[in-house]
Every structure is written in structure tokens, then in C-alpha cells.
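Here is the structure we will look at.
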Amino acid sequence: MSLIAQIIVNIPARSINKMFSYQIPEPLGNVGVGWRVLVPFGNRRLEGFIVEIIDAESSGLKSIIDILDEGPWFDQHMLTMARWISEHYLCSLAEAMRLFIPGKSGVKSKVLYRTAQWDDPNQAEAYLGKVSPSARLLYESILQQGAVSRTQLEKQFGPQTAKLVQQCLRHQLIRLDYATSQVMRPKLKTVIELAVPAETVEARLQASARYPAQCRLLTALLTKSQLGPDEVRNLGIGHDTVKRLVASGLVTTRQIQIRRDSYAGRRHCPADIVLTTEQKKVLADIIPYINKKQGQSFLLHGITGSGKTQVYIEAVAAVRQAQRQAIVLVPEIALTGQIISRFKARFGDDVVVMHSKLSVGERFDSWQRLRRQQAGIVIGARSAIFSPVVRLGIIIIDEEHEFTYKQEESPRYHTHQIALARAALEDAVVIFGSATPAVETYYHALRQEHKLLTLTARVDNALLPEVTVVDMREELRLGRRSVLSLPLQELLTQTVARREQAVILLNRRGYATFILCRECGHVIRCSHCAASLVYHHAGNLLRCHYCQVTQNVPNVCPKCGSHYIRYFGTGTQKVEEEMAKLFPAARIVRMDQDTTGGKMAHDTIMDDFARGKYDILLGTQMVAKGHDVKNVTAVGILSADAVLNLPDFRSAERTFSLLTQAAGRAGRGNKPGRVVVQAYNPEHYAVLAGLRQDYGLFYQEEIKNRQELNYPPFCRLVKIIVQDKNERKTRQTAERAAADLRGLLGGSHPGEVIGPFTAPVAKINDLYRVIILVKTTNLRAVRDSIRKLDWLNAKEILIDIDPLTTM
DNA sequence: AGCACGCCGACT
DNA sequence: GTCGGCGTGCTC
């Protein structure tokens, strides 16, 4: 009997959802629950997480190889959360635990190939006789290089590498070796410090002026106690000078950890803010819970421009006052520069920013700072909900209605649910903030599950913009075929003439350009997905929006050879061309995925626009969000209701929130705004309510529909996607799964099984897709039933609890 | 997820 | 007869 570590290996496959037991070797006796370790697994070495220590018979078990951190990575809360996630979302514990580590798989165990060693030197020749000439070449290449990685071998031997390696391995010519690299390490720099008292140095300086470089360095050290490598170099001092001084015992060098922070040194814009009466009232509701350390969730419903961010800042200040930490979540970090700079202005280095474009190193450093409580506030996209803050006081979810809070890959979690669970565990406050709350959130607020707080007045008392709707069917009847309706053209003309700025939003979904042959009607489609390819002006390419494959634009129709092929639909690029024709004098800038590829490209375009370098900003949904540009007085929304036609129960909600947000862009500051909305269904309640910025009207209609059709919040959904490269097999698996579910849910369990039906995009990446939908009022029961089914772990089956769309 | 083992078609 | 396809099963 001895201590055994129960370990979850970091492999994201539901099929190995279990623990493995390992011996704890003598030198690693201090490890315990929550540590990340390196373990042998099959013939590989993997990262593993210790989740339990038990006392049991240990013979025959392999041993932990090494530790990966200086202490436990997971604390008790994180472990509880991970278990909750794996149960709630039906994923493996490994998948859930990976959410809590930066860079998913922190350890990369790299395989190296070496030649085998024998006692008898002739042995190699004997084995070599048995393999093919190319395998012999491979062996010799490895012999020469000592140790070779797989990638290097593949460069030399191409696609047949695998076979050759197998051959050599089989005949014992080569063996595998492992080089384990730990990606996440603190970044260090060497600093130079005095090793003796200042007086000694001064004496030394007076005694000898013979070594000018040494004297310069010593003098510098008298004023600044620590010098980094850059500073030493700037003094014009080389390595040997430093070495000599170290040898003489006057100075020492030391390694210190430095912080990788791409936001460091950016300038911020502090502002003295007087809170409005409404803001004060809302805060008076929130802050007592923070001070009492009492868990409570709030929905902060505040119209655009009502100063929600300031409420967040004050609430976070109260949390920091109470020595606790804050997690602030934003839908997309690239679109949120203003929140970040306002938090930075108020809290300075207490804020760390977390997003997907951080290097693993930067992320690691930020996590360390939070864990050591050197930083108290983390701002980030949804994954920041997993930040290792130790004393959680508040979680803020800004623009809570945004779909980016749902992760669309396994584990398919919704940030709201994680936030509520985590906050409950640590008695923290949650604030969901939005001008257009998700119907479900608002419903829950009305049922007292969240406290509802409202901000109804704009901070700057700006007036609501004047909104005009253009019925595009009417435009067409009048013979106007331009994507820009006459009223919008007029608005733009006036705006540009007045030297004011305009934002044009193109709701591109469903309106991207595709290529069609006018002779035979053939549409160029992706060969791997059931979707048409989209034309991109940049690079003159066709791209599939599902699998990202690109191909060149053909000159003739690939089906009938006709030259009469042309572009259809309205992409941003096409609108840009048309606008350039209509307003040759206007300076137009386009912002979409094509133009914002770079790290800060989005910020750059936005900054330039804010500084008046352009008259018209044209773009996809990203132009609608979060930015205050005071000189924008006109907003045009093209095809405002495009998504209304999607067969999805949330399309009205999406339309309403887009319209409201976009219209809110106009007329901040003291200039009145004007908005032109182009729509094909201007009488739809989502459009009408959006135009009036009337959330109440929208909610009233929408909740009626949801109830009538039995959709959330009146039921919970479970979406099961079956995907397989064989079309018939996909169908069969789905039929069987649906039958199983009907069998389980038929009796006492309330649940309705819909489908299987073919997904709207029937094939993605060569995988056919069939969907089953379960509606239920007892999610727990449905989940427990599914867990019993034998196909749960099949890799063809994806399970989405509370999916955002039914498509 | 890898990777080995194992069972059926086209090649030296 | 062997090489090589990828279906199945295992990893403490």
C-alpha cells in the first residue's frame, strides 16, 4: 500500500474519459491534487492533471516522470468547476480542465528519432540487409544527424516517411526518444546590481580612472540600483566589461522575471466622471452585495450611451476596495478598445488583458499575476471566465446578448452559465449588461432570478436619432436598383457636404457575393461543403466560409464553358465600389474580415476614422459595436432584416439587437443623428421595435412567439449533430440515435425529440451533417439519459447543450 | 488523440 | 507470397 495519483491525461477525446493511476516517485513526494505532471502514456509522454490521491496497491503502475509547475495549477474551485462543466456539457474531464490552462496543451512532448545501439557493431549491417534502400537512406540520415524530429524527416523523405520509419522501427534500426519542452515558462532577464555598498564603489571610482567603461557602469549603478541588458548596451558597455566587474566582486548579476505585455506603454485617456443619478442608484443596489460578500446576479439594462461602463468601473472599484478580484468579459476584445482604455485609465497596471492573440508566454505571465494577486482585474473574451483569480468578487459580462459568449467547439459552454456557477461557488456578484438583453436573460430577470437594474437616460442627454425606413421592395418598384436607396444617397450627400461622418453597415450574412453562370445557372460551390463560394476582392479569390478553402476565379463556367459568368449579391467590396462611384469626393474606408487581418488593424482603422481621416466607414457588423465617434451623424443600414429569413428561433432577436446597436452609433455628442434603414420586411416587429429602440415592444412580441412555438426560455434545447464522411452512415447513425432518445424520453421524462433532419449546410469539410433536436423542461433528466447511451462517446456525434441556433 | 494490432485486395 | 489499406481497441 502506498500513495497513488489518480490522473486525467490531457487528451481531448471523450473516449478516454477516465482516470489513470500512477505511482508517485520518492523525489516528487510533495505533489498533490491539482498539480500538472508529465506521465508516460502508452509509448508517449503526456501532460496529466492530478485529481485525486488514494492509498492503494501500486505494483505494476508506471511512475510520474516530472512536475510541470512549482505548485498546484488547479485549486479546489477550479476542480469543482471542471467537474461541473464535464457533467453539464457532457464532455470529458480533460476537455473541461484544459479550459483552465493557457495554451490548451502546455507541454509538447516532441518525438525524436535516434539510431539504435548494439553491442555487436555488425548487427546494424545485418538488420540493414532486411530493409528497402530508401529505408536505409533514412537510417543513415538519422545516424548522421544524431537525433531527428518527425518534421525534419518529412522534409527530407516526403509522404512516404511514415512507412520508412515503421520499417526501420520494425527491424530495430532506430528507436524513439522524447524531448519534452515546456512551452510556458516565466520570461527572465539578467539584471546587474552592485554587490558592495555605494561608498566602496565611490572609493574605487576615485582611486582609478583607468577603466572608463567599468567606471561608467558603476556610476550608472549608483543612481539606478538595477540595470537591464538594454540599458547596459545603451551605455556602450560590452559583456566582457560586465564579466570583469563581476569577477572583481563589485557587481553581481541576477535573473528576474519580466512581464510580456503587448498593452504595456499604451497611452490611456483618464477622465473625471460625475455619476448620473441613475448610475448612483444602480450602484447603490449592487455595492452592498459586494461589501457583504453575498452572491447575486444582476441584469443591467441600459440603452446605448447610458454609461454602463462607468457602472462596471465603480463596481469593480468596490470589489478592489474589498481586496477581491474582478473578471470583466467583453464579446470580442478587438472591438472593445474603449472599455480597456477606460479600465486602464482608472486602474492602471492592476488590469490585465486576455485574448486569443496573446502569445502563450504573455498569457502565462498574466495568469501568474492574477494568481499571485499582483493584478486584480482581468478583461477578456469568453475564455477569461477561466482566469485563475484567487479571490473572485465580481464577474461582469458586457453586451451579454452577444453570441460570442457561446463556445462553438467542445466543450460548448455558455459563458453565462459558467459565470453563474463560478460566482455561486465563490459568493461573487455577476452583472450582465446590455442595451438589448437576450430574451432569456430578460425573462429570468423578470422572474427575479437576476435583479433587474435599468438605465434609461443617455449620459450626454443626446437625443435619439431620427430614423427613416426605406422599403426596398418599393425602391425596386420605382426602378431603383442601387444597393444604396435614394434616401440613403441623399443622407450621405448631405453628411459629407457638412463635413460630418457616416457609418454604413452591411449585414453581410446571406448577402455575400457568389458566382453564377447566366447561361446554365450553375453556382460555383465548395467541393468540400454544401455551400456556395464567396468572392473576395482581396487576392481575387473564391473562399468557402465554412472550411476556409480558397480557389481562383474561373474565366468560364466550369459546367458549360460559357463566358457569361457574373457576381451576384452584395458584399462590402461591391458596396464600396458603388459608393466610390456615387461619391467620388468622399474618403471611404472599408472594415471587414479582409481588411482587419492584422493584430491591431481594427484599432488602426477605427482610430483613423475617429480622427477624421475618412468620411464614410463601411463594414460588417463590427462597425456597429462599442465605438463612440462624436462626428458621426449618419448611419445607413443595408438589408437590415437579412437574417429574419433564416430558419432560426433567434433571428428576430438578432435583427432587433443589430438595428438598435447600429442606430445607437448616430448622433452621440451634441449633433443630432440620422439613420436610414433599408429593409424588405419593414413591418416586422423586430424592425419596428429596433427603429424605435423600444426593447419593451420587442420583448413583448418575441416572448409571445417563443411561448407559442415552445422555444427557450420556455424549454431547454439539446442539439445533437451527427457528422460522418459517409452520407448513408450519417443518416443511419442519426436515425438510431433519435430512436434511442425517443425510447428514453417517451415515458415519464418530459422531452420532445425533433428530427433527424439534414442540417441547412448539409456538408462541411467533407462531413455530412444531420441534426436531432431535443426540447425539454427537465434538462437534467435528458442529460442523464444521454449519458447512458452507448454512442455518447462516438466521435461522429457532437452534443450541444443549450445551442444558440437550431441550424 | 496517437499508435499498434489485425484482417482483406493489388503488387514484387 | 508481401505491402499496405484503414477498422478496433488500448493507453495506468
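Everything in the first sequence is counted per UniProt numbering, starting at 1 for the first residue and increasing by one.
Cβ atoms here follow ideal geometry from the backbone N, Cα and C, with glycine treated the same way.
Computed from a predicted structure; not experimentally measured.
Item	Value
LYS292 (DSSP reduced to helix, strand or coil)	helix
Residue burial classification, CYS520 (beta-carbon count within 10 angstroms, cutoff 16)	exposed
Backbone CA spacing between LYS613 and ASP603 [nearest angstrom]	14 Å
Rounded separation between GLY510 and ARG346 - CA only	Residue confidence is low: GLY510 scores 43 on pLDDT, short of 50, so the model does not pin down where it sits. No coordinate-derived value is stated.
Closest residue to VAL575 among VAL643, ARG525, VAL687 and LEU505 (Cα-Cα distance)	LEU505
Pick from ILE7, PRO12, SER2 and ALA5 that is closest to ASN793, judged by C-alpha positions	PRO12
Supposed contact pair GLU400 and THR441 - C-beta distance, whole angstroms, cut 8 Å	6 Å
First through last residue of the alpha helix (DSSP H) which encompasses ASN234	229-234
LYS18 - DSSP class collapsed to helix/strand/coil	coil
Beta-carbon contacts of ILE287 that lie in its chain and below 6 Å, excluding the five residues immediately before and after	ALA318
Neighbourhood of PRO803 by C-beta, 6 Å cutoff - its chain only, sequence neighbours within 5 removed	LEU717 and LYS719
Three-state secondary structure (DSSP) of MET1	coil
Pair within 8 Å by beta-carbon distance, ILE67 and ARG45	no
Residue interval of the beta strand (DSSP E) (run including CYS517)	514-517
Alpha helix (DSSP H) segments (min. 4 residues) lying fully within the region 723-752	727-746
THR805 in three-state terms, based on DSSP	coil
Touching by the beta-carbon criterion (3+ pairs, under 8 Å), the region 685-698 and the region 481-497	no
Sequence-distant residues of the same chain with beta carbon closer than 8 Å to TYR685, five excluded per side	ALA652, LEU697, PHE698, GLU701 and GLU702
Cβ neighbours of ASP740 in the same chain (closer than 6 Å, five flanking residues each side left out)	LEU789
Three-way DSSP call (helix, strand, coil) for ASN552 in this model	strand
Among PHE20, MET81, HIS77 and GLU87, the one whose alpha carbon lies nearest that of ILE54	PHE20
Cα-Cα separation between ARG267 and ILE340, rounded to whole angstroms	Confidence in ARG267 is poor, its pLDDT being 44 and thus under 50, which makes the residue's placement unreliable; the coordinate value appears in the next sentence. In a straight line, the C-alpha of ARG267 is about 11 Å away from that of ILE340.
Proximity winner among VAL33, ARG244, ALA5 and MET807, relative to PRO212 (alpha-carbon distances)	ARG244
Proximity winner among ALA220, PHE514, ARG543 and THR80, relative to LEU205 (alpha-carbon distances)	ALA220
Burial state of ALA689 (16 or more Cβ within 10 Å)	buried
Candidates LEU138, SER434, ARG674 and VAL351: closest to GLY305 by CA position	SER434
Closest residue to GLY348 among GLN374, ILE333 and GLY361 (Cα-Cα distance)	GLN374
ARG244 - DSSP class collapsed to helix/strand/coil	helix
Option nearest GLU231 by Cα separation, candidates VAL503, PRO197, GLU193 and ILE8	GLU193
Which of helix, strand or coil DSSP assigns to GLN23	strand
Extent of the continuous beta strand (DSSP E) to which ASP784 belongs	That residue, ASP784, is in no beta strand (DSSP E); its alpha helix (DSSP H) goes 779-788.
Contact belief for MET591 with VAL623 at Cβ below 8 Å, rounded distance in angstroms	6 Å
Endpoints, the alpha helix (DSSP H) within which MET81 is located	76-88
Alpha-carbon to alpha-carbon, THR241 and ALA247	10 Å
Residue interval of the alpha helix (DSSP H) (run including THR276)	No alpha helix (DSSP H) holds THR276; DSSP gives it neither H nor E.
C-alpha distance - ASN645 paired with VAL353, whole-angstrom precision	38 Å
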